[in-house]
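Protein chains in written order, with my numbering: chain A, 1 to 151; chain B, 152 to 302; chain C, 303 to 453; chain D, 454 to 604.
Note that CB positions come from ideal geometry on N, CA and C, so glycine has one too.
Number of protein chains: 4
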Amino acid sequence: MMDRPTFTPLDPDYDHRVRASFDAQAAMHTFGISISSLGPGWIDLEFDHQDQFTQQHGFIHAGVVSAALDSACGYAAFSLMTENSAVLTVEYKVNLLRPANAQRYLVSAEVVKPGRTLTVCRATARSADGGEPIAVMTGTLMALVDSGIQH
Amino acid sequence: MMDRPTFTPLDPDYDHRVRASFDAQAAMHTFGISISSLGPGWIDLEFDHQDQFTQQHGFIHAGVVSAALDSACGYAAFSLMTENSAVLTVEYKVNLLRPANAQRYLVSAEVVKPGRTLTVCRATARSADGGEPIAVMTGTLMALVDSGIQH
Amino acid sequence: MMDRPTFTPLDPDYDHRVRASFDAQAAMHTFGISISSLGPGWIDLEFDHQDQFTQQHGFIHAGVVSAALDSACGYAAFSLMTENSAVLTVEYKVNLLRPANAQRYLVSAEVVKPGRTLTVCRATARSADGGEPIAVMTGTLMALVDSGIQH
Amino acid sequence: MMDRPTFTPLDPDYDHRVRASFDAQAAMHTFGISISSLGPGWIDLEFDHQDQFTQQHGFIHAGVVSAALDSACGYAAFSLMTENSAVLTVEYKVNLLRPANAQRYLVSAEVVKPGRTLTVCRATARSADGGEPIAVMTGTLMALVDSGIQH
Numbered sequence: 001m002m003d004r005p006t007f008t009p010l011d012p013d014y015d016h017r018v019r020a021s022f023d024a025q026a027a028m029h030t031f032g033i034s035i036s037s038l039g040p041g042w043i044d045l046e047f048d049h050q051d052q053f054t055q056q057h058g059f060i061h062a063g064v065v066s067a068a069l070d071s072a073c074g075y076a077a078f079s080l081m082t083e084n085s086a087v088l089t090v091e092y093k094v095n096l097l098r099p100a101n102a103q104r105y106l107v108s109a110e111v112v113k114p115g116r117t118l119t120v121c122r123a124t125a126r127s128a129d130g131g132e133p134i135a136v137m138t139g140t141l142m143a144l145v146d147s148g149i150q151h
Numbered sequence: 152m153m154d155r156p157t158f159t160p161l162d163p164d165y166d167h168r169v170r171a172s173f174d175a176q177a178a179m180h181t182f183g184i185s186i187s188s189l190g191p192g193w194i195d196l197e198f199d200h201q202d203q204f205t206q207q208h209g210f211i212h213a214g215v216v217s218a219a220l221d222s223a224c225g226y227a228a229f230s231l232m233t234e235n236s237a238v239l240t241v242e243y244k245v246n247l248l249r250p251a252n253a254q255r256y257l258v259s260a261e262v263v264k265p266g267r268t269l270t271v272c273r274a275t276a277r278s279a280d281g282g283e284p285i286a287v288m289t290g291t292l293m294a295l296v297d298s299g300i301q302h
Numbered sequence: 303m304m305d306r307p308t309f310t311p312l313d314p315d316y317d318h319r320v321r322a323s324f325d326a327q328a329a330m331h332t333f334g335i336s337i338s339s340l341g342p343g344w345i346d347l348e349f350d351h352q353d354q355f356t357q358q359h360g361f362i363h364a365g366v367v368s369a370a371l372d373s374a375c376g377y378a379a380f381s382l383m384t385e386n387s388a389v390l391t392v393e394y395k396v397n398l399l400r401p402a403n404a405q406r407y408l409v410s411a412e413v414v415k416p417g418r419t420l421t422v423c424r425a426t427a428r429s430a431d432g433g434e435p436i437a438v439m440t441g442t443l444m445a446l447v448d449s450g451i452q453h
Numbered sequence: 454m455m456d457r458p459t460f461t462p463l464d465p466d467y468d469h470r471v472r473a474s475f476d477a478q479a480a481m482h483t484f485g486i487s488i489s490s491l492g493p494g495w496i497d498l499e500f501d502h503q504d505q506f507t508q509q510h511g512f513i514h515a516g517v518v519s520a521a522l523d524s525a526c527g528y529a530a531f532s533l534m535t536e537n538s539a540v541l542t543v544e545y546k547v548n549l550l551r552p553a554n555a556q557r558y559l560v561s562a563e564v565v566k567p568g569r570t571l572t573v574c575r576a577t578a579r580s581a582d583g584g585e586p587i588a589v590m591t592g593t594l595m596a597l598v599d600s601g602i603q604h
């Protein structure tokens, strides 16, 4: 287990705010991705293998692993944003290290550098029963403050 | 329309090989992504908006756009590989430029640099009725030759 | 020669502003990098091989190629920013495609997506006498408006 | 101080091999970058601020920080390669987190995933007297075995 970052959230109600926004992502429901744990500046997501999201070798498609990594980065960043912020992904980079051939996955993200406008996060996907990383992401998230865009 | 690259395929039967591998990706069926056109070193994919793949603002989730971009890069690269090769994604980087709020998407990829082991590709996602790019990807693909891994 | 993008600059004096900022980069002088041509949303830089910037195989070090690509992206973006803006690099990604073993290099950048806060650019390095790309970059640049930071 | 990875080197003489290759990089001498510490799968580099490598705000140019990060990634990877291997950078991605305005820098890299052909590394640049990260890199390195290319 990696060390958790120690950030002070700007919004004391960050936990509820993150879960509400996450629940509003239809894609997370479809992928079967759920929050297993979260704190200020970090989050753990989990999901089960689903045959309908495999690529040609029977592994989970890199895009689905990316979707989980991206959501993890987004909500790790979002947890440190102010109450009136929406979060958008600016960019991310994924390195695929090993085949995604597990039965269940744990995707953990943490904030590397919070910022008023831009936040940089890192995330790792691995089998939920431990083992070596399957994929790592570095991503940049943007806070839209009082933009009228829903969280 | 961007210019198509002009590569000579090593496998004259590349078109059939690409389509067969693409059809073996359950994730592409689930996302509703299909091949609209392909040639040596390039491919066009298309897919419709589906509510089940949206994020919290109602746009298509970045992970799904990435899945399409990644598959496009992978098959653009695969089209130039030898008959006995399998293709794996090494890494990719996505910049999200505009909200994915179209009804139908066109995702075009082309090989920037083919190689015996590594191939670099670029891909762009946009609304299928034209307009500005929604997201761009640069990715590195790896050929596994006679690996026993299915194409 | 790639097509040039067609942007309308917000600052009619962008050419002078870009050149003044570029001249203030000591690193560009040290690397021998100079502007050969520029317009709204694009720039061409050139530099000669220097033995003092080689890696262990005698090629130009990837960091120096990156410095040129990064400056090219930065100034392509800066040309579209307002008069009171400073430009900072948020992130970039480089794919190294071929050895940097030329006598002289041409590094061309163009804006893919301009923005009030963030601008995305692409750049390519190649031998100045033509030939295939040596390296490609995608980068994100940020405008700091009225920040007190010098341009 | 981050935990060091625990890898078993394939070449017991890796320390000498890494230092010999590093010394052959003219660019490292020019940038004043030297090895402060190394082990199997990790390396620490250090260098002093030099005015000749600044950008327009007086900070060290991102390209020079990248050169140090890239070399760190390259030699962390190289330390785990076989005796008859040369190392080439395939690609890297840098996020610039804070201004490079220190007097001396510490750049630390470690292998995330070693491989026979491809190795993935992460690196961090910070002020040598501690403090928060200035830049982080994720990079992919390639082993060329018995290629005739010097190490």
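Is the beta carbon of residue i sitting closer than 8 Å to the one on residue j?
i: D372/C; j: A553/D; result: no
i: T233/B; j: L161/B; result: yes
i: R116/A; j: D48/A; result: no
i: A286/B; j: V216/B; result: yes
i: V90/A; j: F78/A; result: no
i: A125/A; j: A68/A; result: yes
i: S236/B; j: V296/B; result: yes
i: Q509/D; j: A326/C; result: yes
i: A479/D; j: Q354/C; result: yes
Leaving out five residues before and five after residue i in sequence, what residues of the same chain have Cβ atoms less than 7 Å from its Cβ?
i: C224/B; result: Y243, A260, C272, A274, M288, G290, L292
i: T461/D; result: P493
i: M179/B; result: F173, S222
i: S449/C; result: A388
i: P5/A; result: G41, W42, E110, V111
i: N246/B; result: A286, V287
How about residue i: is its C-beta nearer than 8 Å to some C-beta of chain B?
i: E132/A; result: no
i: L571/D; result: yes
i: T593/D; result: yes
i: H61/A; result: yes
i: T30/A; result: yes
Would you say residue i lies against chain A (beta-carbon separation less than 8 Å)?
i: S230/B; result: no
i: V589/D; result: yes
Taking the beta strand (DSSP E) that residue i falls in, what are its first and last residues?
i: G48/A; result: The amino acid occupying residue 48/A in the given sequence is Asp; Gly does not appear at that position. Where D48/A is concerned, the enclosing beta strand (DSSP E) stretches over 42-48.
i: S373/C; result: Segment 364-380 is the alpha helix (DSSP H) holding S373/C; no beta strand (DSSP E) there.
i: T275/B; result: 269-278
i: E412/C; result: 406-415
i: N303/B; result: Because chain B is modelled from 152 through 302, residue 303/B falls outside the range shown and cannot be assessed.
i: G492/D; result: 487-492
i: N548/D; result: 538-549
Please state whether DSSP places residue i in a helix, a strand or coil.
i: S449/C; result: coil
i: T440/C; result: strand
i: M152/B; result: Legend: pLDDT at M152/B = 47, less than 50; position of this residue unreliable, no value from coordinates given.
If we cut at 8 Å on Cβ distances, does residue i have a partner in chain D?
i: Q112/A; result: Contrary to the premise, residue 112/A reads as Val rather than Gln in this sequence. Answer yes: the Cβ-Cβ gap between V112/A and chain D drops below 8 Å somewhere.
i: M152/B; result: Bear in mind that a pLDDT of 47 at M152/B, under 50, signals an unreliable position, so the model cannot answer this.
i: A329/C; result: yes
i: A402/C; result: no
Counting only beta-carbon atoms, is residue i nearer than 8 Å to chain C?
i: V90/A; result: yes
i: L597/D; result: no
i: N246/B; result: yes
i: D468/D; result: no
i: P216/B; result: Note on residue identity: the sequence assigns Val, not Pro, to residue 216/B. No, because no Cβ of chain C sits closer than 8 Å to the Cβ of V216/B.
i: Q508/D; result: yes
i: Q556/D; result: no
Short of 8 Å in beta carbon distance, which residues of its chain neighbour residue i, apart from the five on each side in sequence? Order them along the chain.
i: L80/A; result: F7, P9, L10, Y14, P40, G41, V111, P114, T119
i: G183/B; result: F198, D199, Q201
i: T54/A; result: I60, H61
i: L408/C; result: S338, D346, L347, E348, A427, R428, S429, A430
i: E283/B; result: L248, R249, R277
Residue i lies in the alpha helix (DSSP H); which residues open and close that run?
i: A20/A; result: 14-23
i: T181/B; result: 177-182
Ignore the nearest five residues each way along the sequence and tell me which others in residue i's own chain have a CB closer than 6 Å to its CB.
i: A404/C; result: S429
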